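First residue of the sequence shown: 188, per our numbering; consecutive thereafter.
Each remark here refers to the structure printed beneath this line.
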Amino acid sequence: MSRVDVCTIGGVGFGGEGLSIIAGPCMAESLDLCLHVARTVKDICGELGIGYVFKASFDKANRSSVSSYRGPGLETGLEWLAEVGQTVGVPVLTDIHEPGQATLVAQAVDCLQIPAFLARQTDLLVTAGETGKPVNVKKAQFMAPWDMQNVVEKVQSTGNDQILLTERGTSFGYNRLVSDMRSIPQMQVYAPVVFDATHSVQQPGGLGNASGGDREFVPVLAAAAIAAGADALFLETHLDPDNARSDAASQLATKDMASVLKTCLAIYKARSYTP
Numbered sequence: 188m189s190r191v192d193v194c195t196i197g198g199v200g201f202g203g204e205g206l207s208i209i210a211g212p213c214m215a216e217s218l219d220l221c222l223h224v225a226r227t228v229k230d231i232c233g234e235l236g237i238g239y240v241f242k243a244s245f246d247k248a249n250r251s252s253v254s255s256y257r258g259p260g261l262e263t264g265l266e267w268l269a270e271v272g273q274t275v276g277v278p279v280l281t282d283i284h285e286p287g288q289a290t291l292v293a294q295a296v297d298c299l300q301i302p303a304f305l306a307r308q309t310d311l312l313v314t315a316g317e318t319g320k321p322v323n324v325k326k327a328q329f330m331a332p333w334d335m336q337n338v339v340e341k342v343q344s345t346g347n348d349q350i351l352l353t354e355r356g357t358s359f360g361y362n363r364l365v366s367d368m369r370s371i372p373q374m375q376v377y378a379p380v381v382f383d384a385t386h387s388v389q390q391p392g393g394l395g396n397a398s399g400g401d402r403e404f405v406p407v408l409a410a411a412a413i414a415a416g417a418d419a420l421f422l423e424t425h426l427d428p429d430n431a432r433s434d435a436a437s438q439l440a441t442k443d444m445a446s447v448l449k450t451c452l453a454i455y456k457a458r459s460y461t462p
């Protein structure tokens, strides 16, 4: 299949030569956590020659329970994310959930991310595109790969062609997701494709008041996605994932990042075809 141009986030390329990742804790629980994870992963990626964009959310607006902690909020969260970018020297990505957040968030980070549940929201996509910042759209669990053409065109209607698409699994029965690796080359027709290996092992709402997951399968899916031609990986990682304040069952321990990335990089280098 033919492909589109490279997307660049703060100097890190997606879709061209070399492997890149988007990684960080699910939630910006504290500035110290964000800084520690960012520095650790930056060092790992530097040793391996992998491009790195830091990710954390200032507000988890889609928590399973109304009583679940959502994060530090917009003002404090953006201060922390900006500090990570300036102190550690890495590009930063975060989610937006409402059109009114786009302009302010774009002043603090290098890439705006559209959560999967909001991938069809026209006003949100257009407003994100109008900021001029790269936009990463997660494919909704209820959407087919080819449905993402309309999503890309909504962002492109603003004149912004710096777009990524992220595969993160498709709904399969109750509280289960399945990853169809065919979606990677199918979506690469529209934009470079990132594979979210941690949300793909998630069990949405599987614990009743929180999401469950199978962290042990993150390395398996990450490797499979790279073998299938993915341009990059999305990995949520935490220093102590079992005690993370969100997505505890699916985040990868930061101490395991190096081994997972080494395997994926070897597969990336061994790929003998261009998807």
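For every residue, glycine included, the Cβ atom is placed at its ideal position computed from N, Cα and C.
Source: prediction; values computed, not measured.
Beta-bridge pairing of residue i - partner residues as DSSP gives them
i    : result
F201 : C194
D282 : Q300
N323 : Q300, L351
I371 : Looking at the DSSP assignment, I371 forms no beta bridge with any residue, so it has no partner.
S255 : Partner(s): none; S255 has no beta bridge.
Y239 : I208
Q389 : G400
A419 : S207, V381
V228 : In DSSP, V228 forms no bridge with anything.
S244 : M214
S358 : L364
N424 : Looking at the sequence shown, residue 424 is not Asn but Thr. BP columns for T424 point to L439.
Distance between beta carbons of residue j and residue i, contact taken as under 8 Å
i    : j    : result
V292 : A225 : Their Cβ separation, rounded to whole angstroms, is 18 Å, which puts V292 and A225 out of contact at 8 Å.
T385 : E423 : 4 Å
G200 : G238 : 6 Å
L261 : F245 : 6 Å
L364 : S358 : 7 Å
L493 : I208 : Only positions 188 to 462 of the chain appear in the structure, and residue 493 is not among them; the question remains open.
A215 : W267 : 5 Å
Q390 : N362 : 5 Å
E354 : M374 : 7 Å
P286 : L305 : Rounded, the Cβ-Cβ distance is 10 Å, inconsistent with contact.
D282 : P302 : 5 Å
I464 : L280 : The requested residue 464 is not part of the displayed model; the chain covers only 188 to 462.
Backbone CA spacing between residue i and residue j [nearest angstrom]
i    : j    : result
C218 : G272 : It should be pointed out that residue 218 corresponds to Leu in this sequence rather than to Cys. Taking the straight line from one Cα to the other gives about 12 Å.
L265 : A243 : 10 Å
D383 : K326 : 10 Å
A378 : K442 : 31 Å
N249 : N347 : 27 Å
S344 : A412 : 30 Å
H223 : I231 : 12 Å
M368 : A414 : 9 Å
A436 : V388 : 9 Å
T314 : T263 : 22 Å
K247 : L206 : 28 Å
K229 : V405 : 20 Å
A331 : V338 : 12 Å
M335 : H425 : 30 Å
Neighbour-count burial assignment, residue i, 16 or more Cβ in a 10 Å radius
i    : result
N323 : buried
D418 : buried
R458 : exposed
S370 : buried
V193 : exposed
S366 : buried
K456 : exposed
D429 : exposed
G202 : buried
Q294 : exposed
G233 : exposed
D427 : exposed
A409 : buried
V253 : exposed
G319 : exposed
G198 : exposed
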